[in-house]
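First to last, the protein sequences are chains U and H. This note's numbering puts the first residue of the first sequence at 1, with every later residue one more than the last. This note's numbering puts the first residue of the second sequence at 1001, with every later residue one more than the last. So the structure is just underneath, and the comments pick up after that.
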Amino acid sequence: MKDKPVKISIKKNNVSVEKVDEQLFDYQGNKSIVSEANDGRRSLSASSKPRLLAKSPKKSLRKLFWPSLFTFVAGAAIYESYLFIENLFTFNVVLGGVATAVAGLALVSGAVGLIKGWISRRKLKRRKDKQQVFNQLLAENTYGEGQKVIDEVNGEISQHLDISGPMSVYSSQKQQVHNDRELIQIYSQTVLDGLDELALQAISKHATESAVMVALSPLAAADMALVAWRSSKMLQEVSRIYGCPQTTLGRLGLTKQVMTNMMLAGASDMLADAGAELLGKSLTATVSTKVAQGIGVGLLIARMGIQTMKLCRPVEFTNDNKPKLSYIRKSLYSKITTILKKSEPSQDAIKSQGEQHDRD
Amino acid sequence: MSTNKSTLKRLVDTAEHLVERGIDKRVRIAVTGLSKAGKTAFITSFMNQLLHVTDNDQLPFFKPAKDGRLLASKVSSYDELHIPEFKYKQSVSYLVKELPEWPPSTTGISQAQLDIRYKIKNEWLRKVQKQSHLTIDIIDYPGEWLLDLPLLRLSYKEWSSQCLELIKQNRSDSIADWQEQSGQLIYQQPLSDEQITEVSNGYKTFVKNNFSKDHTYNLLQPGRFILPGELEGAPVLDFFPVTDSDILHSDWDSLAQDSLIKTLEKRYNYYKKQIVQPFFKEYFEKVDRQILLVDCLEVLNGGYQNYCNMQFTLIELLKSFHYGQSNWLKRMFNPSIDKLLIAATKADHVPPEQHRPLEAFLQDMLQEARNDIQYEGIDLETMVISSVKVTEAVMAEHQGQKLMCVKGIELESGEEVINYPGKLAEQLITRNDWQEHQYDFINFAVPDNLTNGILPHIRMDKVLQFLIGDKFR
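In structure tokens, the structure reads:
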């Protein structure tokens, strides 16, 4: 950049000018964000904090266990199926052909699933990088680098959602003078706020559904399966809303959470059973513990959903806009009490139903 | 039964009134800034944004407007009937007339009051009452008068010493004339009123020239000498500082009551007590929020000496607001002003990529004052704003380099120009820093495409949010 001032009169010289909006990013694009880190005054405090280094990968035999076991089993399976198909061919050619076709189909669809999972996992990783980039831009108050990142994220989101409405609001509100922090804030409050609302609705729906299911289901084992199924469905839906759809296979970390969730559901079942035993197995006691259990599971699923939102949202939540469990809890309580008390209509049920109508 | 019902209704009504009184709020905003900092333009734009708030989608950072909670706003009449009204319509008409120009600078005091009706956010309050309204008072006054504020802390002797210091730094032709004139005075002897008027007129001319022509931002007081307002020609303005260092260091107690020095001291004290004190007491009392507008560009053009002058002047000014020996000021302001915004105006004259260094420059300049103010536990923020945006940022190529410039109509020539003002340095504090850099910020005129709808702005929404955003609960 030049240091000395320049003044050009348009009348005298015919100067070509370009609007800032379009050209800005070619001009500043080659600047890396990281190298700018020390220029920002505020980033000083951010970079002066200690940071945990990545664990150095240790080669150990334990690490080799899963890959080797997997290769062994897969190899054995392929060999076995080869033998099986060969055997069938000697028996009957048509049967052999059908078996080959089925095996091939399984192989191809499995491979496609794996690749898709891998892609979605990469998408989530990229989303995490985006979050970091946005965080850095927010901290540093730079100019002219934010729009590029916003456009990228926007492209990802618009593959799954129609955001032309909020986007037109966004482009009408942004000005060429806005710096990166302001652009990101405007983007967050115009476009992403709408997504948050959608995601919260989805979470609320799934949480209520599974709460009711758990409350009504007679079997503990069925509860566990139900929760696993509903939560993975919700996970997919929420991540799709933010433009990085996840399959249950693809996101191992999230699947782990699903497992934990299942374990917790099982544990609460055991507790509920013990409680019912203590209460003398009276019918009312069992019903009310089931309801409490349902609400507990619903809340767990809501928590998971909010975790997923935090992982998938391109711009991290601030204190002002972070999703609150209380929002879901309210609708959860009211819905589950309404549904369950419908079976034995009492004064309370009528009252809560009335409240429900008021809210609607 | 029916009597019971009516009693109940009356009770509910009373409760509603009580809540309304509790919720109804008034916020008084002090717009401070030296002359030419853009106070009038700021107030005009401030009112303009608020008056169009319901259909204004250019305020993304003004939360109540973004949430759609602001229902309507209007200019209302205020209780202080002796203060002239701020001529909002006239100011806007200056901007949008056929040959648009900036509103003329303020020569007297005026006030504006805005009423905004809004939906209540608080869940519990909303059960009692759905809507409420907020009253905003804004005062416009000549920036020159603000220079008098630090006078309240100084005795005549101290003020004279300060003037002597400032005159020493500032050697211009007009001061030489006056110094010659005042050098012949014998301070211990009485002097006729006519002669005092003559000498004081010489001083007035110097102060005026120094301030309005040279833009040195010296803290040469009193402000009413530059812009007397209704006091033009009144004997209260006939005084001047003693600039003879021998006399300054001598003991004044033994001097006769009718000696020149005692007469001057008397007039100075009268000025302080009868002019300055009532002015600030009346207009700055009960202030809740303050915004200090600073025109950094003129200083950057001017160089190191101007920078030091402005720094000194602003720091002295802010001192008067927050702590100082005169206790009544401290008592008056400290409990009430809980938010101070320091804003660099005319941001549209600066290419957008340089807003950050401009803000850093402002922060550095007022580092000392900011530190003191923040110690008092006051919410303080700095911003780079433009009340009325009159330029456009463009990329232009100059000698093979791409530069981000601003395009607009130059005020002096009336021609459309593209200006690259020079790169603002990250560090600009010492004299050496200043010598290495050179700036050319030009003044831009109002383009002829403004309408009397919503005025284009830069970050006025953030200003609104900071100053009054928390009042719409």
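Ideal Cβ placement from N, Cα and C applies to all residues, glycine included.
What does the alpha-carbon distance come out to for the pair residue i and residue j?
{"i": "residue 1467 of chain H", "j": "residue 1356 of chain H", "result": "21 Å"}
{"i": "residue 160 of chain U", "j": "residue 1470 of chain H", "result": "37 Å"}
{"i": "residue 1034 of chain H", "j": "residue 1225 of chain H", "result": "15 Å"}
{"i": "residue 1345 of chain H", "j": "residue 205 of chain U", "result": "50 Å"}
{"i": "residue 1386 of chain H", "j": "residue 1028 of chain H", "result": "21 Å"}
{"i": "residue 1377 of chain H", "j": "residue 1256 of chain H", "result": "48 Å"}
{"i": "residue 1133 of chain H", "j": "residue 1077 of chain H", "result": "15 Å"}
{"i": "residue 1058 of chain H", "j": "residue 333 of chain U", "result": "40 Å"}
{"i": "residue 1358 of chain H", "j": "residue 1424 of chain H", "result": "7 Å"}
{"i": "residue 71 of chain U", "j": "residue 62 of chain U", "result": "15 Å"}
{"i": "residue 33 of chain U", "j": "residue 145 of chain U", "result": "Caution is warranted here: a pLDDT of 38 is assigned to residue 33 of chain U, below 50, making its placement in the model unreliable, and the coordinate value is therefore given only provisionally. Cα-Cα distance, rounded: 8 Å."}
{"i": "residue 1188 of chain H", "j": "residue 1203 of chain H", "result": "20 Å"}
{"i": "residue 106 of chain U", "j": "residue 75 of chain U", "result": "16 Å"}
{"i": "residue 24 of chain U", "j": "residue 1394 of chain H", "result": "With a pLDDT of 44 at residue 24 of chain U, under the threshold of 50, the modelled position of that residue is not reliable, and the figure given next carries that caveat. Answer to the nearest angstrom: the Cα atoms are 9 Å apart."}
{"i": "residue 325 of chain U", "j": "residue 1083 of chain H", "result": "53 Å"}
{"i": "residue 1091 of chain H", "j": "residue 1432 of chain H", "result": "42 Å"}
{"i": "residue 53 of chain U", "j": "residue 244 of chain U", "result": "28 Å"}
{"i": "residue 1118 of chain H", "j": "residue 1071 of chain H", "result": "5 Å"}
{"i": "residue 223 of chain U", "j": "residue 296 of chain U", "result": "12 Å"}
{"i": "residue 1185 of chain H", "j": "residue 1230 of chain H", "result": "29 Å"}
{"i": "residue 87 of chain U", "j": "residue 300 of chain U", "result": "51 Å"}
{"i": "residue 1208 of chain H", "j": "residue 1120 of chain H", "result": "50 Å"}
Using the beta-carbon of each residue, which ones in chain H are nearer than 8 Å to residue i?
{"i": "residue 189 of chain U", "result": "1060 and 1066"}
{"i": "residue 327 of chain U", "result": "Residues of chain H passing the Cβ test: none, with the nearest at roughly 13 Å."}
{"i": "residue 173 of chain U", "result": "1057, 1058 and 1060"}
{"i": "residue 194 of chain U", "result": "Residues of chain H passing the Cβ test: none, with the nearest at roughly 13 Å."}
Flag residue i as yes if its beta-carbon sits less than 7 Å from any beta-carbon of chain U, otherwise no.
{"i": "residue 1417 of chain H", "result": "yes"}
{"i": "residue 1398 of chain H", "result": "yes"}
{"i": "residue 1422 of chain H", "result": "yes"}
{"i": "residue 1356 of chain H", "result": "yes"}
{"i": "residue 1307 of chain H", "result": "no"}
{"i": "residue 1439 of chain H", "result": "yes"}
{"i": "residue 1342 of chain H", "result": "no"}
{"i": "residue 1186 of chain H", "result": "no"}
Starting from the beta carbon of residue i, find every residue of chain U whose beta carbon is closer than 9 Å, and list them in chain order.
{"i": "residue 1448 of chain H", "result": "Neighbours of residue 1448 of chain H on chain U: none; closest Cβ ~16 Å, over 9 Å."}
{"i": "residue 1458 of chain H", "result": "175, 177 and 178"}
Under the assumption that residue i contacts residue j (Cβ atoms under 8 Å), give the Cβ distance between them as a whole number of angstroms.
{"i": "residue 1452 of chain H", "j": "residue 1096 of chain H", "result": "5 Å"}
{"i": "residue 1352 of chain H", "j": "residue 1390 of chain H", "result": "14 Å between Cβ atoms; not a contact."}
{"i": "residue 1074 of chain H", "j": "residue 1115 of chain H", "result": "6 Å"}
{"i": "residue 207 of chain U", "j": "residue 302 of chain U", "result": "4 Å"}
{"i": "residue 1392 of chain H", "j": "residue 1445 of chain H", "result": "In fact, because the Cβ distance is near 14 Å, the residues do not count as touching under 8 Å."}
Along chain H, in chain order, which residues have C-beta atoms closer than 9 Å to that of residue i?
{"i": "residue 155 of chain U", "result": "Neighbours of residue 155 of chain U on chain H: none; closest Cβ ~22 Å, over 9 Å."}
{"i": "residue 144 of chain U", "result": "1352, 1353 and 1404"}
Taking buried to mean at least 16 other C-beta atoms within 10 Å of its own C-beta, is residue i buried or exposed?
{"i": "residue 1427 of chain H", "result": "exposed"}
{"i": "residue 1430 of chain H", "result": "exposed"}
{"i": "residue 1195 of chain H", "result": "exposed"}
{"i": "residue 65 of chain U", "result": "exposed"}
{"i": "residue 1267 of chain H", "result": "buried"}
{"i": "residue 1434 of chain H", "result": "buried"}
{"i": "residue 200 of chain U", "result": "buried"}
{"i": "residue 4 of chain U", "result": "exposed"}
{"i": "residue 1008 of chain H", "result": "exposed"}
{"i": "residue 1288 of chain H", "result": "buried"}
{"i": "residue 1472 of chain H", "result": "buried"}
{"i": "residue 960 of chain H", "result": "The question about residue 960 of chain H has no answer here: the residues shown for chain H are numbered 1001 through 1473."}
{"i": "residue 1103 of chain H", "result": "buried"}
{"i": "residue 138 of chain U", "result": "buried"}
{"i": "residue 1456 of chain H", "result": "buried"}
Which residues in chain H sit within 7 Å of residue i, going by Cβ to Cβ distance?
{"i": "residue 176 of chain U", "result": "1352 and 1393"}
{"i": "residue 4 of chain U", "result": "1422 and 1438"}
{"i": "residue 141 of chain U", "result": "1356"}
Is the Cβ of residue i closer than 7 Å to any Cβ of chain H?
{"i": "residue 9 of chain U", "result": "yes"}
{"i": "residue 321 of chain U", "result": "no"}
{"i": "residue 186 of chain U", "result": "yes"}
Is residue i near the ligand NAP, judged by its Cβ being under 6 Å from some heavy atom?
{"i": "residue 1269 of chain H", "result": "The ligand NAP is absent from the structure shown, which contains no ligands of any kind."}
Taking residue i as the query, report the chain U residues whose CB atoms sit under 8 Å from its CB, ordered along the chain.
{"i": "residue 1442 of chain H", "result": "7"}
Comparing the C-beta of residue i with each C-beta of chain B, is any distance below 7 Å?
{"i": "residue 113 of chain U", "result": "The chain inventory of the structure shown lacks chain B, comprising the protein chains U and H."}
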